[in-house]
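Chemist: One structure coming up, written as structure tokens, with questions to follow.
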Amino acid sequence: MIFAAAGKQFEDVRIKREDWPTLKTKMPFGQIPVLEIDGKPLAQSYTIGRYLARQFGLAGKDAYEEGVCDSIVDQFNDFFGETLPYKRVAWGFLQGDKEKLKQEIYVPAIKKHMPLFVNFLKNNKSGYLVGDELTWADVVIAYGMGDLDGADPELLNDFPELRAHYKKIHSLPKLKEYLEKRPKCPF
């Protein structure tokens with residue numbers, strides 16, 4: 001989504017599950033995503049995000065804003081890690097009681113982490129998480145809110161600021177066009 005937000009062309013290669021075992025051994029850490037830059041791999045989602053944000057001017061206007069963006073994204077990564085047991089079942093990678101995991105893991109994590117992001121929106125007052133223009137933190141959080149909304153639209157009812165932020169970011173012309181065309185994926 002960072003490529004799209006920046007209006008940059010890119011090749012979005014999706015890997016079929018049946019092809020993954022063969023490709024896994026060729027990845028730096030045996031996982032995806034991997035960004036290929038001039039034939040060289042760069043791995044890890046948030047490393048790729050930081051790299052692209054810096055390349056495309058979406059990291060913040062100065063070193064402090066960069067740090068705030070990084071802290072927001074790192075907090076989102078904490079949220080994601082806490083919810084992974086639920087997500088693995090919800091995505092069909094593991095067997096389990098999806099509803100039980102949702103109530104015991106997912107919902108408490110939402111209630112713990114989402115107010116933190118709301119505070120950034122309330123304190124910043126620009127409609128963005130950091131500064132007065134789009135950053136990669138906005139892209140990451142809006143992507144995450146789409147995941148929440150897809151899991152259960154009511155989960156965001158207690159966080160109207162995040163729902164408004166999600167709608168704002170997803171309605172930006174470059175992102176909107178990309179989101180309408182990108183392949184659907186459960187994660």
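The sequence shown runs 1 to 187 under the UniProt record's numbering. Cβ coordinates follow ideal geometry from the N, Cα and C atoms, glycine included. Please read all numbers here as calculations on a predicted model, not as lab measurements.
Under 8 Å, with one C-beta from each stretch per pair, do the segment 55-63 and the segment 73-86 reach the 3-pair mark?
Modeler: Because the criterion of three Cβ pairs below 8 Å is not met, the segment 55-63 and the segment 73-86 do not touch.
Chemist: One question on the structure: do Leu121 and His165 come within less than 8 Å of each other, judged by their Cβ atoms?
Modeler: Yes, they are a contact pair.
Chemist: Mind listing, in chain order, the continuous alpha helix (DSSP H) runs of no fewer than 4 residues lying wholly within the segment 42-90?
Modeler: Counting whole runs of 4 or more residues, the segment 42-90 contains the alpha helix (DSSP H) stretches 45-56 and 63-90.
Chemist: Which stretch, first to last residue, makes up the alpha helix (DSSP H) that contains Ile37?
Modeler: Segment Val34 to Ile37 is the beta strand (DSSP E) holding Ile37; no alpha helix (DSSP H) there.
Chemist: Rounded to the nearest angstrom, what separates Glu180 and Lys174 at their Cα positions?
Modeler: About 10 Å.
Chemist: Could you tell me the alpha carbon to alpha carbon distance between Lys26 and Ala6, rounded to whole angstroms?
Modeler: Answer to the nearest angstrom: the Cα atoms are 29 Å apart.
Chemist: Between the beta-carbon of Val73 and the beta-carbon of Gly49, is there less than 8 Å?
Modeler: The answer is yes: Cβ separation under 8 Å.
Chemist: Between the segment 107-120 and the segment 38-46, do three or more beta carbon pairs fall short of 8 Å?
Modeler: Cβ pair count under 8 Å is below three, so no.
Chemist: By Cβ distance below 7 Å, which residues in the same chain neighbour Tyr86 in space, the five residues on each side in sequence not counted?
Modeler: Within the same chain, Tyr86 has close Cβ partners Leu101, Lys102, Ile105 and Tyr106.
Chemist: Within a Cβ cutoff of 6 Å, which residues of the same chain sit near Arg14, ignoring the five residues on either side of it in sequence?
Modeler: Result list for Arg14: Pro183, in chain order.
Chemist: So, using beta-carbon positions, are Met1 and Tyr128 closer together than 8 Å?
Modeler: Not closer than 8 Å, so no.
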